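Structure first, then comments.
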């Protein structure tokens with residue numbers, strides 16, 4: 121199983137029936153492919169769609185049906201489209217139960233940097249600032265390291281997305297939560313040891329007596 125699939129499958133286990141869930145660009149969109157059988161969840165894309173389904177099969181994409189990043193999505197029966205004012209009213213009004221976002225860095229206290237690398241051209245923050253501030257629960261989906269460097273850092277050196285800490289980060293190696301503002305290892309990926317997680321994590325992690333393996 122590849123890294124992205126491990127992350128998406130594990131996050132899908134955080135879904136609860138009836139949730140309104142926002143999926144960010146990249147790995148988060150894959151979560152829609154792994155909704156538990158029989159569970160009814162409403163996925164929102166901040167460009168104005170509730171009722172997004174799995175990524176379309178090859179050749180089945182519709183030019184006007186996309187996620188917030190412009191990538192093709194499907195719409196489930198009963199899906200609703202609306203303008204950006206309504207979409208961000210849902211987000212800022214606290215109606216989104218959970219958001220799943222990608223990240224560049226997450227620090228030891230759960231602060232997130234996911235929108236800008238200084239010196240590089242970016243289109244803007246998009247909905248990330250609103251989502252991290254307004255969603256009831258914030259989960260980050262990202263690979264544990266990039267180019268040999270940990271993405272779970274002692275302190276973010278990239279611009280922060282919000283002053284609000286996230287709730288959970290799921291990587292291809294671990295699940296980490298932030299009770300009391302301290303990064304705490306909750307699970308390891310299949311075949312990954314606690315020692316291996318620590319070896320590639322810059323931030324100091326609290327380690328419980330028992331750290332179970334992810335259930336996928």
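In our numbering, the protein residues as written are 121 to 336.
Using N, Cα and C, we set each Cβ at its ideal position, and we do this for glycine too.
Keep in mind it's a predicted model, so treat the numbers as computed, not measured.
Its chain contains 290, 295, 334 and 336 as the residues whose beta carbon lies nearer than 7 Å to that of residue 130, once the 5 sequence neighbours on both sides are disregarded; these appear in chain order. Around residue 203, the same chain offers 168 as residues with beta carbons nearer than 7 Å, after the five sequence neighbours per side are excluded.
When rounded, the separation of the alpha-carbon atoms in residue 212 and residue 192 is 25 Å.
Taking a cut-off of 8 Å on C-beta distances, the region 215-222 touches the region 250-269, as three or more cross pairs fall below it. Contact between residue 234 and residue 222 holds: CB atoms are separated by about 6 Å, below the 8 Å threshold. Counting along the chain, the unbroken beta strand (DSSP E) around residue 221 starts and ends at 218-221. Distance check between residue 269 and each of 298, 314, 323 and 286 places 323 closest, using alpha-carbon atoms only. According to DSSP, residue 289 shares a beta bridge with 260 and 296. By the CB criterion at 8 Å, residue 156 and residue 135 fall inside the cutoff.
Annotation for residue 163: the continuous beta strand (DSSP E) segment containing it runs 162-165. DSSP places residue 149 in the helix class (H, G or I) of the three-state scheme. Its Cα nearest to that of residue 228, the residue 303 stands out among 142, 303 and 321. Per DSSP, reduced to three states, the secondary structure at residue 186 is strand. The beta carbon of residue 253 sits closer than 6 Å to the beta carbons of 282 and 284 from its chain, once the five residues preceding and following it are set aside; these are given in chain order.
Here residue 272 has 226, 321 and 323 as same chain residues with Cβ atoms under 6 Å from its own Cβ, once five neighbours each way along the sequence are excluded. Going by C-alpha positions, residue 288 is about 19 Å away from residue 313.
A distance below 6 Å between beta-carbons, with the five flanking residues on each side excluded, links residue 199 to the following residues of its chain, in chain order: 171.
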